[in-house]
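Trainee: My questions all concern the structure below.
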Amino acid sequence: MNMTLNNDWYTANYQYLLRAIFLVHKTLENTIESQEHQPLKDIPLSINLGMSAPSALEQLCTIFQLTEFERNVLLLCAAAELDSSLGSLCGQVLGDMQLAYPSISLAMKVLPATDWSAWTVDAPLRHWQLIQIQGGITHTQNPLRIDERIFHYLLGLQSQDERLKGIISPITPVEFLVPSHEQIAQQVAATWNEVKPGQKLPIVQLYGDDFSSMQAIAISASAMLGLPISTISAIHLPKDINELNHILLLWEREAILTNSILLLDIEIDELDMAQQNTIAQIIDKINSLLIITSRERMAKRRRPLICLEVHHPTRNEQSALWEIALGELADNNNEDINNILVNQFNLNAPTIEAVCTEVRGRLAEARGEIGDLQNLLWDTCRAQARLGLDDLAQQIPAKATWDDLVFTKTQKQILQSIAGHVRQRIQVYEKWGFAGASRRGLGISALFAGASGTGKTTSAEVLANELRLDLYRIDLSAVASKYIGETEKNLRRIFDAADAGAAILLFDEADALFGKRSEVKDARDRYANMEVSYLLQRMEEYQGLAILTTNLKDAIDTAFMRRIRFIVKFDFPDAKQREEIWQRIFPKNTPTKELNYTNLGRLNVAGGNIRNIALNAAFIAADAGESVMMKHIKQSAQIEYLKLGMMLTDVETRGWV
């Protein structure tokens, strides 16, 4: 019953049902009075009492192809709900007031066109659970009761089955869909419109990483078809097979009653075996309209499967979304702010709307005293974009500045060039035309090579701070898997999540994945090279900055290195550089006394170790109630050297104290 009905229909439908029930009542009375099996007078289904549409009873009989006897059984059970005197009549007919309710024996005794096959589990009454046979006595004498959802349907009431609530939920329409997604929605609608009678309804799968947009497409397609749509998340699916089958049957019945579409949302990164089996059960058992959203394209099923890939809105579409969402916020600066946000962030419609809603709230709270709207929007976009990445990588606070780097002029120039490439990538690629016909190789990649503690991570922090971007560290030794295909899957999840905000990705321990390309001797060697190639491919396509770090530059195959745009070598600092690091290592609020930076520079350790020594010395001095002095640094250095498996020599500490 998916048509729009007016109040006159509801009134007429109720009167129609009461009329039908009255005839049931009269049949029971006649049976009692005459003790003859008077047949129930037929209710011509073509008579609708001037109704604008067929009655709910007529529709139900048509939908489930009920026989005359099955229809009358349903009426008998409905009568028990609306006619308080019916129970007494039932008991009198059977000559036993303990049987004062509808039952199989009663129906077979008083209703016309009796048919024992109507009571089998495969017949419509029981298969679709239109009625329930309750326990208690013998099978034929057990009470019959109409299902609550079916009873409401006969009354003309449209409310979802109570047993589906919390598992399957109706979805409200979307207000706006970008053109590229509108086109996909039209394709979905056309796919089902073109199905001919007798053909199997195809399943539609939308796949990609933008689940909000995929849901919006599904909702829009349902609106084009004029059909309601509900959603179920794979997370909420029952694992018990009997419970699952019960839910599926209830939904299938609901879909038939309301001509509804089901959206199965599989927004789960790793499906366990039980979840895979559950999803397979749904796909294979549901015969009604079904849309599936997932990250990966699905394999073929028994039903026809139409797979459509969904991408984020295009840059022009995002620009239009920002213009709508910003509204009066940006005033005359709308275009400038719009361009800045679109050039950096890759967001869908709900996220853009969420950003603008949050910014409006913060402006209202601050009563307009937040000065730089552009920075506020930028930071809010960063916060929204990082939501998908926080569970996959470690965010590193980026507080370091250029002044914290003690490098050669050449090293700094390369790092500044990297920052320039990130800042100007849209100008050069898009406006100046360097993107050309292919986007391959447009990603900005860098290799930071050097011993531990030489400033690789600090340099990444400087770049993130300079560009006002988030920095995430990914341990490649943890990402790499011994299982074929798992490494690529892990990397794909990271890049897909990072794409929204073009965060800086720092892939640590690149040696775990890269290395001298060996002769391919088995499938594992071949897949190892494929994993490296996949990482480089994603780095080349990534719209942000991806950095690899390694302690062993020479261990990386030169063929792989040719695909990396920048290579920065981090040498072990010499005495002069170490002295400069020591001069900058203590914060301005740290009390120091008689520190000899030239002598400190003789400590033969990298910058990271210098920081450890300085920090520990500060704790030692604070615990002693003193300023940081050479004696505290010496004590701390001895601890650090032991940790490194080294001995602190007299040459390094001569003249300290």
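If you're matching positions, the sequence shown starts at 1 in full-length UniProt numbering and goes up one per residue.
We put the CB at the ideal spot given by N, CA and C, even for glycine.
Just checking Glu-640 against the ligand ZN - is the residue's beta carbon closer than 7 angstroms to any of the ligand's heavy atoms?
Mentor: Ligands are entirely absent from the displayed structure, and the ligand ZN is therefore not among its contents.
Trainee: Which whole-angstrom value describes the C-beta separation of Tyr-542 and Phe-507, a residue pair presumed to lie in contact below a C-beta threshold of 8 angstroms?
Mentor: Between Phe-507 and Tyr-542 the Cβ distance is about 11 angstroms, and since that is not below 8 angstroms, they are no contact.
Trainee: Would you report the Cα separation of Glu-461 and Glu-323, rounded to the nearest angstrom?
Mentor: Going from the Cα of Glu-461 to the Cα of Glu-323 covers about 32 angstroms.
Trainee: Pull the bridge partners of Ala-221 from the DSSP assignment, please.
Mentor: Ala-221 is not bridged to any residue.
Trainee: Could you tell me how far apart the beta carbons of Leu-389 and Arg-360 are, in whole angstroms, since I believe they sit closer than 8 angstroms?
Mentor: That pair is no contact at about 25 angstroms.
Trainee: For Leu-89 and Val-73, I'd like the C-alpha separation in whole angstroms.
Mentor: Approximately 16 angstroms between the Cα atoms of the pair.
Trainee: Going straight from the alpha carbon of Pro-530 to that of Phe-566, what length do you get?
Mentor: Per the sequence presented here, residue 530 reads as Met, with Pro not at that position. In a straight line, the C-alpha of Met-530 is about 22 angstroms away from that of Phe-566.
Trainee: Strictly under 8 angstroms for the Cβ-Cβ distance: is Leu-644 near chain B by that measure?
Mentor: In the structure shown, chain B cannot be found, because there is only a single protein chain.
Trainee: What are the complete alpha helix (DSSP H) segments, minimum 4 residues, inside the stretch 162-195?
Mentor: The qualifying runs are 179-193.
Trainee: In chain order, what residues of the same chain lie with their CB nearer than 6 angstroms to the CB of Leu-321, ignoring the 5 residues before and after it?
Mentor: Counting only Cβ-Cβ distances below 6 angstroms, and skipping sequence neighbours, we find Ala-349 and Ile-352.
Trainee: Going by DSSP in three states, Gln-638 sits in which element: helix, strand or coil?
Mentor: Reduced to three states, the DSSP call for Gln-638 is helix.
Trainee: What is the C-beta distance between Ala-185 and Leu-177, in whole angstroms, given that I count them as a contact (C-beta under 8 angstroms)?
Mentor: That belief holds up - the Cβ atoms of Ala-185 and Leu-177 are roughly 6 angstroms apart, short of 8 angstroms.
Trainee: Which ranges would you report for the alpha helix (DSSP H) in the stretch 405-470 if only whole runs of at least 4 residues count?
Mentor: Correct list: 409-423 and 456-467.
Trainee: Going by the CB atoms, is the gap between Cys-61 and Pro-102 shorter than 8 angstroms?
Mentor: Not a contact, by the Cβ cut-off of 8 angstroms.
Trainee: To which residues of the same chain is Arg-297 closer than 6 angstroms at the C-beta, ignoring the five residues directly before and after it?
Mentor: Same-chain partners within the cutoff: Tyr-207 and Cys-307.
Trainee: Can you tell which of Val-174, Gln-635 and Gln-160 has its C-alpha closest to the C-alpha of Ile-168?
Mentor: Measuring from the Cα of Ile-168, the nearest candidate turns out to be Gln-160.
Trainee: Is the beta carbon of Trp-402 sitting closer than 8 angstroms to the one on Arg-468?
Mentor: No; because the gap between Cβ atoms is not below 8 angstroms, this pair is not in contact.
Trainee: Following the continuous beta strand (DSSP E) through Pro-325, name the residue where it begins and the one where it ends.
Mentor: Correcting the residue type first, residue 325 is Ala in the shown sequence and not Pro. Taken as a continuous stretch (DSSP letters only), Ala-325 belongs to no beta strand (DSSP E), being part of the alpha helix (DSSP H) at 315-326.
Trainee: Could you have a look at Ile-283 and say whether DSSP puts it in helix, strand or coil?
Mentor: In the structure shown, Ile-283 sits in a helix (DSSP, three-state: H, G or I).
Trainee: What span of residues does the beta strand (DSSP E) with Phe-507 cover, start to end?
Mentor: 504-508 is the span of the beta strand (DSSP E), which, as asked, contains Phe-507.
Trainee: Which residues in the same chain as Leu-262 place their Cβ atom closer than 8 angstroms to its Cβ, once the five residues preceding and following it in sequence are excluded?
Mentor: Once the five neighbours on either side are set aside, the close Cβ partners of Leu-262 are Ile-168, Ile-229, Ser-230, Thr-231, Ile-232, Trp-251, Ala-255, Ile-286, Ser-288, Leu-289, Leu-290 and Ile-291.
Trainee: Taking the alpha carbon of residue 667 as the reference point, which residue from Ile-581, Gly-166 and Ile-282 has its own alpha carbon closest?
Mentor: One cannot answer for residue 667 here, as it falls past the ends of the chain, which runs 1 to 657.
Trainee: Could you check the C-alpha separation between Thr-140 and Asp-115 for me, to the nearest Å?
Mentor: The alpha-carbon atoms of Thr-140 and Asp-115 are separated by roughly 13 angstroms.
Trainee: Quick one: residues in its chain with C-beta nearer than 8 angstroms to the C-beta of Arg-584, no 5 flanking neighbours on either side, listed in chain order?
Mentor: If we look at Arg-584 and ignore the five residues flanking it on each side, its Cβ neighbours are Asp-403, Asp-404 and Val-406.
Trainee: Given that a residue counts as buried once 16 or more other Cβ atoms are within 10 Å of its Cβ, and exposed if not, what is Tyr-641?
Mentor: Buried is the call here.
Trainee: Closest to Gly-501 by CA distance: which of Thr-357, Leu-130, His-312 and Ala-446 is it?
Mentor: The shortest Cα separation from Gly-501 among Thr-357, Leu-130, His-312 and Ala-446 belongs to His-312.
Trainee: Give the straight-line distance between the Cα atoms of Pro-591 and Gly-625, rounded to the nearest whole angstrom.
Mentor: Rounded to the nearest angstrom, the two C-alpha atoms are 11 angstroms apart.
Trainee: Out of Thr-293, Phe-64 and Glu-175, state which residue places its alpha-carbon closest to the alpha-carbon of Asp-209.
Mentor: With distances taken between Cα atoms, Asp-209 lies closest to Thr-293.
Trainee: Would you say Tyr-16 and Leu-66 are within 8 angstroms of each other, going by their C-beta atoms?
Mentor: No, these two residues do not count as a Cβ contact at 8 angstroms.
Trainee: My guess is that Ala-234 and Asp-265 are in contact by the Cβ rule of under 8 angstroms, so how many angstroms apart are they, rounded?
Mentor: Between Asp-265 and Ala-234 the Cβ distance is about 7 angstroms, and since that is below 8 angstroms, they are a contact.
Trainee: Glu-33 lies in the alpha helix (DSSP H); which residues open and close that run?
Mentor: Its alpha helix (DSSP H) spans residues 7-34.
Trainee: Quick check on DSSP: helix, strand or coil for Thr-550?
Mentor: Strand at Thr-550.
Trainee: Between which residues of its own chain and Arg-492 is the CB-CB distance below 6 angstroms, once the five residues before and five after are set aside?
Mentor: Taken in chain order, the list of residues that qualify is empty.
Trainee: In whole angstroms, give me the CA-to-CA distance for Arg-611 and Ile-581.
Mentor: When rounded, the distance between both Cα atoms is 9 angstroms.
Trainee: So what does DSSP say about Leu-111, is it helix, strand or coil?
Mentor: In the structure shown, Leu-111 sits in coil (DSSP, three-state: anything other than H, G, I, E or B).
Trainee: Report the three-state DSSP secondary structure of Val-204 (helix, strand or coil).
Mentor: DSSP places Val-204 in strand when its eight states are reduced to three.
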